[in-house]
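Asks: So the sequence shown is residues -35 to -1, 1 to 162, counted in mature numbering (1 follows the signal peptide of the UniProt record, and there is no 0).
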Amino acid sequence: MPRSTGRRAALLLPTAPAAVAVLALVLSGCGTRTADGTGAGLPSGHPPVATSRAVTTPPEVLCPGETATPAPTATGLPEAGDGAPHYAENNGFKIPLPLHGQPRCEGLAQARALTAALEPLRKKKDFGTGHVHDSIVGLGYDPAVVGVFQNGPTGVSFLVDHAPICLEGTMDLATTKVDAFAGYPDSTGCQRPTGGH
């Protein structure tokens, strides 16, 4: 068996591991991502793949007693991120679902009626949970679906779990606020879910 010269062996030994390393590097990045984070696309000769379209909701019609609000204008500023890594994604289950169509109009009407029923108590500075509960039940809600919670000596918060329309609000010295919504993404009722998903 002939023996190779030292010079020739020295040239072959470093190039084999280098070739393996280069090949591994090339194959590991096999076109899965580009520098901007998007997919590298299909190799030539493959038909394009259909992409999904964004789901849009139909424009809301004005409900009785509602006035049109101007559409927001673009500021040219970049949107704020979602804060800590994935905060919005991880806490999306806490964001109330909006009402649409006729349920939206019913929710707005119920919110106005609830505000009107509570304003006399606010003006008298009556923030007793019993009186607030009685005023809400006086609108025809089942007492079992009405929750009222004390927020210090001059404020209350309340929840009417009347799914599919939920009413939640606060009353304090300055104002009475009531929001109507359709529940939460990870919940079957009007109670705000706790924990994570």
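Positions of the beta carbon are idealized from the N, C-alpha and C atoms, including for glycine.
Hey, residue 78 and residue 104: beta-carbon distance below 7 Å or not?
Replies: As a working mapping, residue 78 is identified with position 113 in the sequence shown. As a working mapping, residue 104 is identified with position 139 in the sequence shown. The answer is yes: Cβ separation under 7 Å.
Asks: Can you tell which of 101, 128, 109 and 135 has the C-alpha that lies nearest to the C-alpha of residue 117?
Replies: As a working mapping, residue 117 is identified with position 152 in the sequence shown. Among 101, 128, 109 and 135, the Cα nearest to that of residue 117 is on 135.
Asks: Measuring straight from C-alpha to C-alpha, what distance separates residue 111 and residue 126?
Replies: Sequence index remark: in the sequence shown, residue 111 carries index 146 (1-based). Sequence index remark: in the sequence shown, residue 126 carries index 161 (1-based). The straight-line gap from Cα to Cα measures roughly 6 Å.
Asks: Only counting the same chain, and skipping five residues up and downstream in sequence, which positions put a Cβ closer than 6 Å to that of residue 158?
Replies: The residue you call residue 158 lines up with position 193 of the sequence shown. So the qualifying residues of the chain are 58, 149, 151 and 152.
Asks: With DSSP collapsed to three states, give me the class of residue 92.
Replies: Along the sequence shown, one-based indexing puts residue 92 at 127. Residue 92: coil per DSSP, three-state reduction.
Asks: Return the bridge partner residues of residue 142 from the DSSP annotation.
Replies: In the sequence shown, counting from the first residue as 1, residue 142 sits at position 177. In the DSSP output, where bridge partners are listed per residue, residue 142 has 135.
Asks: Per DSSP, residue 127 is paired with what?
Replies: Locating residue 127 in the sequence shown gives position 162, where the first residue counts as 1. Residue 127 pairs with 130.
Asks: Rounded to whole angstroms, what's the CA-CA distance from residue 54 to residue 129? Just pull it up for me.
Replies: Working through the sequence shown from its first residue, we reach residue 54 at position 89. Working through the sequence shown from its first residue, we reach residue 129 at position 164. About 24 Å.
Asks: Got a sec? Which residues, its chain only, sit under 8 Å from residue 62 by beta carbon, not counting five neighbours each side?
Replies: Taking the sequence shown and counting its residues from 1, the one referred to as residue 62 is at position 97. Here the set comprises 146, 147, 148, 149 and 150.
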